[in-house]
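In what follows, a single structure is set out as structure tokens and then discussed.
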Amino acid sequence: MPCAGHAENEQYGANFNNADIRQFVEIVGQHLGKTILIDPSVQGTISVRSNDTFSQQEYYQFFLSILDLYGY
């Protein structure tokens, strides 16, 4: 998870175990300072573990890849 603030040089981790997809999207949006709209039909859980840290842009791309992987 990121340090305080939303500076572009921050590093983000990604570790979610059996997390509700809606909660995952909300947390990522908060970390990145972005508003992300979630369709009411979106349901399910995800598990993601990464030992790497990501820049803000990399974290967002990682987030999009996870959504794609899970079919969202």
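Just so you know, we're using this note's numbering here: the sequence shown kicks off at 3 and counts up by one.
Note that CB positions come from ideal geometry on N, CA and C, so glycine has one too.
Worksheet item: Hey, is the stretch 14-29 in contact with the stretch 48-61, meaning 3+ C-beta pairs nearer than 8 Å?
Response: yes
Worksheet item: Under the rule that 16 or more other beta-carbon atoms within 10 Å means buried, what is V44, buried or exposed?
Response: Locating residue 44 in the sequence shown gives position 42, where the first residue counts as 1. The residue is exposed, with fewer than 16 neighbouring Cβ atoms inside 10 Å.
Worksheet item: In or out: I68 buried (at least 16 other Cβ within 10 Å) or exposed?
Response: In the sequence shown, the residue the question calls residue 68 occupies position 66. Label assigned to I68: buried.
Practice prompt. Take Y61 as the anchor and find which of P42, V27, G46, T47 has the nearest alpha-carbon.
Written response: On the sequence shown, position 59 is the one that residue 61 refers to. Selected option, being the one with the closest Cα: V27.
Item to complete: With a 10 Å radius around its C-beta and 16 neighbouring C-beta atoms as the bar for buried, classify R51 as buried or exposed.
Response: Here the question's residue 51 lines up with position 49 in the sequence shown. R51 is exposed by the Cβ-count criterion.
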